[in-house]
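One point on numbering: in the numbering used here, the residue at position 56 of the sequence shown is 57, and numbering is uninterrupted. Cβ coordinates follow ideal geometry from the N, Cα and C atoms, glycine included.
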Amino acid sequence: MSKLQILTTQFENLRMKDEETIQDFHMTILDYDNQFDSLGEKIPEEKLVRKMLRSLPKRFDMKVTAMEEAKDISQMKLDELVGSLQTYESTANGRGEKKNKSIAFSSKNNEDELEDEEEHNESISEAMVLLGKQFNKVLKRMDKRPRSNFKNNAPGTMR
Numbered sequence: 002m003s004k005l006q007i008l009t010t011q012f013e014n015l016r017m018k019d020e021e022t023i024q025d026f027h028m029t030i031l032d033y034d035n036q037f038d039s040l041g042e043k044i045p046e047e048k049l050v051r052k053m054l055r056s057l058p059k060r061f062d063m064k065v066t067a068m069e070e071a072k073d074i075s076q077m078k079l080d081e082l083v084g085s086l087q088t089y090e091s092t093a094n095g096r097g098e099k100k101n102k103s104i105a106f107s108s109k110n111n112e113d114e115l116e117d118e119e120e121h122n123e124s125i126s127e128a129m130v131l132l133g134k135q136f137n138k139v140l141k142r143m144d145k146r147p148r149s150n151f152k153n154n155a156p157g158t159m160r
């Protein structure tokens, strides 16, 4: 088998992996394009664009469908496609992270609410105990002080 046949088979079987970014896959396609060039075969840009669209994972299905309906794929440049897909990828990744963060936050929130309620109840109990102790101290101080007789207005006179 010739190098060109092997390269053609590899190119036809090429698929973007789920964990791979658009930029990484774009570099892979350009690498194949350069290898074909070195063997004297020029791949038309339309073929590169169509290959990239066919090779994307399912998470890009909606974007691919929208692009195929809205634009003339035969006239599209590979760089234009990559730019559009990178924008979509970064937007989708941002939404995914926000969703994951909010889900994690809400589940943590439920646990935290219970802990916060318990801590709040404990702090109220501690405050009540402290208030009671301070009130007792005030009462003891008042008992130690001599009481004045208001009828006689004589200080130090007890009832």
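Q) Would you say the stretch 87 to 94 touches the stretch 37 to 47, given that touching needs at least three Cβ pairs under 8 Å? A) no
Q: Use the C-beta contact count for residue 28: other C-beta atoms within 10 angstroms, 16 or more gives buried, fewer gives exposed.
A: exposed
Q. What's the gap between the Cα of residue 43 and the Cα of residue 15?
A. 18 Å
Q: Could you have a look at residue 116 and say whether DSSP puts it in helix, strand or coil?
A: DSSP places residue 116 in the helix class (H, G or I) of the three-state scheme.
Q | Close Cβ partners of residue 52 (< 8 Å) along its chain, the five nearest in sequence each way excluded | A | 12, 15, 30
**Q.** Every unbroken beta strand (DSSP E) within the stretch 38 to 93, with a cutoff of 3 residues, ordered by chain
**A.** none
Q) Which of helix, strand or coil does DSSP assign to residue 3? A) coil
**Q.** Between the CA atoms of residue 127 and residue 23 - distance to the nearest angstrom
**A.** 58 Å
Q) By how many angstroms is the C-alpha of residue 112 removed from the C-alpha of residue 131? A) 29 Å
Q) Is DSSP giving residue 17 helix, strand or coil here? A) coil
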